[in-house]
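Written out below as structure tokens is the structure these notes cover.
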Amino acid sequence: MNTAIYGFDLLGVMVFAISGALAAAERRLDILGFILFGTITGIGGGTARDLLLNTDVVFWVGDPAYLWVCIGASLATWFLARRFQTLATVLLWADAMGLALFSVLGTMKALAWHAPMIVAIGMGMMTASFGSLLRDSLLGRPAVLLQPDIYVTAALLGACSYGLLQADPRTAAIAMPVAMTAAFTLRAAAILLDLRLPKYGTGPAE
Amino acid sequence: MNTAIYGFDLLGVMVFAISGALAAAERRLDILGFILFGTITGIGGGTARDLLLNTDVVFWVGDPAYLWVCIGASLATWFLARRFQTLATVLLWADAMGLALFSVLGTMKALAWHAPMIVAIGMGMMTASFGSLLRDSLLGRPAVLLQPDIYVTAALLGACSYGLLQADPRTAAIAMPVAMTAAFTLRAAAILLDLRLPKYGTGPAE
Amino acid sequence: MNTAIYGFDLLGVMVFAISGALAAAERRLDILGFILFGTITGIGGGTARDLLLNTDVVFWVGDPAYLWVCIGASLATWFLARRFQTLATVLLWADAMGLALFSVLGTMKALAWHAPMIVAIGMGMMTASFGSLLRDSLLGRPAVLLQPDIYVTAALLGACSYGLLQADPRTAAIAMPVAMTAAFTLRAAAILLDLRLPKYGTGPAE
Numbered sequence: 001m002n003t004a005i006y007g008f009d010l011l012g013v014m015v016f017a018i019s020g021a022l023a024a025a026e027r028r029l030d031i032l033g034f035i036l037f038g039t040i041t042g043i044g045g046g047t048a049r050d051l052l053l054n055t056d057v058v059f060w061v062g063d064p065a066y067l068w069v070c071i072g073a074s075l076a077t078w079f080l081a082r083r084f085q086t087l088a089t090v091l092l093w094a095d096a097m098g099l100a101l102f103s104v105l106g107t108m109k110a111l112a113w114h115a116p117m118i119v120a121i122g123m124g125m126m127t128a129s130f131g132s133l134l135r136d137s138l139l140g141r142p143a144v145l146l147q148p149d150i151y152v153t154a155a156l157l158g159a160c161s162y163g164l165l166q167a168d169p170r171t172a173a174i175a176m177p178v179a180m181t182a183a184f185t186l187r188a189a190a191i192l193l194d195l196r197l198p199k200y201g202t203g204p205a206e
Numbered sequence: 207m208n209t210a211i212y213g214f215d216l217l218g219v220m221v222f223a224i225s226g227a228l229a230a231a232e233r234r235l236d237i238l239g240f241i242l243f244g245t246i247t248g249i250g251g252g253t254a255r256d257l258l259l260n261t262d263v264v265f266w267v268g269d270p271a272y273l274w275v276c277i278g279a280s281l282a283t284w285f286l287a288r289r290f291q292t293l294a295t296v297l298l299w300a301d302a303m304g305l306a307l308f309s310v311l312g313t314m315k316a317l318a319w320h321a322p323m324i325v326a327i328g329m330g331m332m333t334a335s336f337g338s339l340l341r342d343s344l345l346g347r348p349a350v351l352l353q354p355d356i357y358v359t360a361a362l363l364g365a366c367s368y369g370l371l372q373a374d375p376r377t378a379a380i381a382m383p384v385a386m387t388a389a390f391t392l393r394a395a396a397i398l399l400d401l402r403l404p405k406y407g408t409g410p411a412e
Numbered sequence: 413m414n415t416a417i418y419g420f421d422l423l424g425v426m427v428f429a430i431s432g433a434l435a436a437a438e439r440r441l442d443i444l445g446f447i448l449f450g451t452i453t454g455i456g457g458g459t460a461r462d463l464l465l466n467t468d469v470v471f472w473v474g475d476p477a478y479l480w481v482c483i484g485a486s487l488a489t490w491f492l493a494r495r496f497q498t499l500a501t502v503l504l505w506a507d508a509m510g511l512a513l514f515s516v517l518g519t520m521k522a523l524a525w526h527a528p529m530i531v532a533i534g535m536g537m538m539t540a541s542f543g544s545l546l547r548d549s550l551l552g553r554p555a556v557l558l559q560p561d562i563y564v565t566a567a568l569l570g571a572c573s574y575g576l577l578q579a580d581p582r583t584a585a586i587a588m589p590v591a592m593t594a595a596f597t598l599r600a601a602a603i604l605l606d607l608r609l610p611k612y613g614t615g616p617a618e
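Residue numbers (the numbering used here), protein chains in the order written: chain A, 1 to 206; chain B, 207 to 412; chain C, 413 to 618.
Shown next, in the form of structure tokens:
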């Protein structure tokens with residue numbers, strides 16, 4: 001089981017690193033820019049989580065495999081990106097996959113550090129969105145927090161559903177895959193169907 | 207006394223959360239945006255302080271009451287904000303109140319962790335301004351550090367006056383209320399009278 | 413030797429603080445703005461490094477000398493800056509000097525905390541560039557990560573060459589000065605000769 005978690009964690013770092021490197025491609029940065037944005041996006045969310053949880057060692061400081069995955073994914077993107085017709089679409093789906101993985105894994109790690117449930121859910125949301133936030137902020141793209149499409153909401157769904165399912169012994173075994181699927185499905189629906197929450201001040205009382 | 211400090215701390219988080227949610231209202235974000243900006247603004251300053259002091263537990267990670275206050279204040283703002291004629295004015299005064307509370311409470315916590323006085327004053331200034339800085343930066347509003355009105359100066363006054371007064375046994379008992387009042391009064395005067403420090407390059411030597 | 417490292421560390425903080433205060437001068441901020449930007453730029457990189465390494469005490473929290481150096485350098489810049497014809501040039505070279513010092517000192521501190529080599533090199537790059545990144549981001553200047561000139565590359569050279577040279581007993585004694593000189597020389601060449609890495613999508617395969 002721990003091997004599966006480690007594998008998902010590396011996979012999440014990889015897909016976020018690809019999304020960061022693709023954002024660097026859109027801005028036509030140099031190869032070091034690809035690596036920097038790939039790495040910042042890949043490890044940004046988990047770094048914020050570990051700093052706030054005050055873990056003994058930030059995950060990538062203790063285990064260099066994470067940095068190598070970021071560097072490798074960024075270099076692969078550098079050489080392969082021009083084969084993709086639409087970088088923006090690949091970026092969007094890599095990001096959605098990372099979102100689903102990290103919303104659950106972030107909640108899981110916070111619970112393992114005995115954070116209260118509301119804190120653990122917040123940590124899951126932050127782990128899933130902070131890397132993208134850093135990427136977009138540094139690139140001058142509009143921050144994901146300001147966009148009306150359902151992004152953080154999907155992370156919230158992943159974090160909450162994992163929190164609920166793991167607390168019940170009957171559902172604990174399936175909590176991880178179900179919650180990841182739920183978060184990804186909601187984000188995918190939001191992308192494909194252009195779903196969004198109602199904005200402030202657009203209700204009938206206005 | 208500790209109960210009073212805890213109460214002021216929750217109050218500071220609440221007024222900053224309201225200012226964050228009001229900034230979300232100005233940008234017409236959805237309800238989750240209100241909660242996110244309320245929470246980030248409410249706990250941002252204290253989080254930076256606790257990370258830099260390397261406290262055992264970041265305050266809101268150990269005590270979920272802070273997150274509930276942020277969520278509650280953000281939701282209340284969502285439902286009540288349209289009753290206010292001028293969101294910007296309410297935001298300004300909520301922000302001023304948080305500034306006064308956190309400049310003193312931040313200095314107090316740093317001194318309790320045995321930080322040197324100059325460090326504790328810096329921590330007080332940072333606790334008071336970092337939440338607003340995050341809020342404005344993420345919303346694309348002009349950063350408070352760049353504006354000529356007296357904002358950080360008021361936090362400096364609160365931090366310094368608390369530092370001085372608490373060091374003398376004769377004034378230690380009144381240090382907290384006096385310093386909070388001083389910071390709020392200076393910030394209020396700056397808002398009402400449009401006070402500002404002289405800019406670089408505008409002196410007679412130019 | 414430790415005295416030399418401490419001296420270089422203070423020197424690096426000082427030149428970055430000057431670059432921060434000069435950036436405040438370009439934006440015509442007030443005297444507190446000079447101190448804030450001087451301090452943020454001076455200690456920003458080392459602060460990020462210490463938080464990620466989870467050192468017991470962030471360097472400037474335990475030793476107030478660093479804050480005094482930032483405040484002194486910022487005040488000196490306030491009074492002396494108008495004597496310089498071209499603030500931008502002084503800023504550029506102060507920044508280059510800080511870059512060279514911190515890329516090596518950051519790697520050194522990470523290795524002393526037993527970080528793996530790839531992590532230590534990343535820490536050196538971050539220590540050298542994070543203060544400038546904060547300065548430019550808060551001032552609304554274009555982020556150094558997006559600019560095509562060789563900035564982070566010079567930090568990478570300093571960090572890598574120090575990492576290699578200190579690992580071999582025959583070169584360990586000269587690792588620090590050689591690596592600092594290498595980083596500074598590459599950055600100076602980049603400034604003077606307008607060197608840059610090839611951008612994505614400009615190769616012959618395009």
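Each residue gets a CB set at the ideal place from its N, CA and C atoms; glycine is no exception.
Integer-rounded CB distance, given that residue j should sit under 8 Å from residue i
i: T283/B; j: A227/B; result: 4 Å
i: G248/B; j: S335/B; result: G248/B to S335/B, Cβ: 14 Å. No contact.
i: A429/C; j: T459/C; result: 13 Å between Cβ atoms; not a contact.
i: A425/B; j: L363/B; result: Because residue 425/B is not part of the residues shown, which for chain B are 207 to 412, the question remains open.
i: A601/C; j: L138/A; result: Not really, about 26 Å apart at Cβ, beyond 8 Å.
i: L257/B; j: L195/A; result: No, L257/B and L195/A are not in contact; Cβ-Cβ is about 35 Å, not under 8 Å.
Straight-line gap, residue i to residue j (C-alpha atoms, nearest Å)
i: T377/B; j: A294/B; result: 37 Å
i: E232/B; j: R599/C; result: 44 Å
i: V473/C; j: F514/C; result: 18 Å
i: D301/B; j: V221/B; result: 7 Å
i: A416/C; j: R141/A; result: 43 Å
i: L197/A; j: L242/B; result: 14 Å
i: R440/C; j: I483/C; result: 18 Å
i: L399/B; j: L145/A; result: 35 Å
i: W480/C; j: P177/A; result: 53 Å
i: D56/A; j: L465/C; result: 9 Å
i: S74/A; j: L80/A; result: 10 Å
i: V152/A; j: L238/B; result: 8 Å
i: P270/B; j: R83/A; result: 48 Å
i: A159/A; j: M123/A; result: 8 Å
i: G218/B; j: V90/A; result: 43 Å
i: M97/A; j: S19/A; result: 10 Å
i: Q147/A; j: Q353/B; result: 26 Å
i: F240/B; j: A230/B; result: 5 Å
i: V470/C; j: V58/A; result: 15 Å
i: A321/B; j: I397/B; result: 32 Å
i: N2/A; j: L311/B; result: 42 Å
CB contact flag (residue i, residue j, <8 Å)
i: L298/B; j: A361/B; result: no
i: M323/B; j: R255/B; result: no
i: Y162/A; j: T107/A; result: yes
i: K199/A; j: D355/B; result: no
Environment of residue i [buried if 16+ CB atoms lie within 10 Å]
i: F184/A; result: buried
i: I174/A; result: exposed
i: A179/A; result: buried
Touching by the beta-carbon criterion (3+ pairs, under 8 Å), the stretch 210 to 217 of chain B and the stretch 128 to 142 of chain A: Flag = no, the stretch 210 to 217 of chain B and the stretch 128 to 142 of chain A do not touch.
Taking 8 Å as the cut-off, does the stretch 361 to 373 of chain B touch the stretch 313 to 321 of chain B (at least 3 CB pairs, one atom from each stretch)? With a cut-off of 8 Å on Cβ pairs, the stretch 313 to 321 of chain B is in contact with the stretch 361 to 373 of chain B, counting three or more such pairs.
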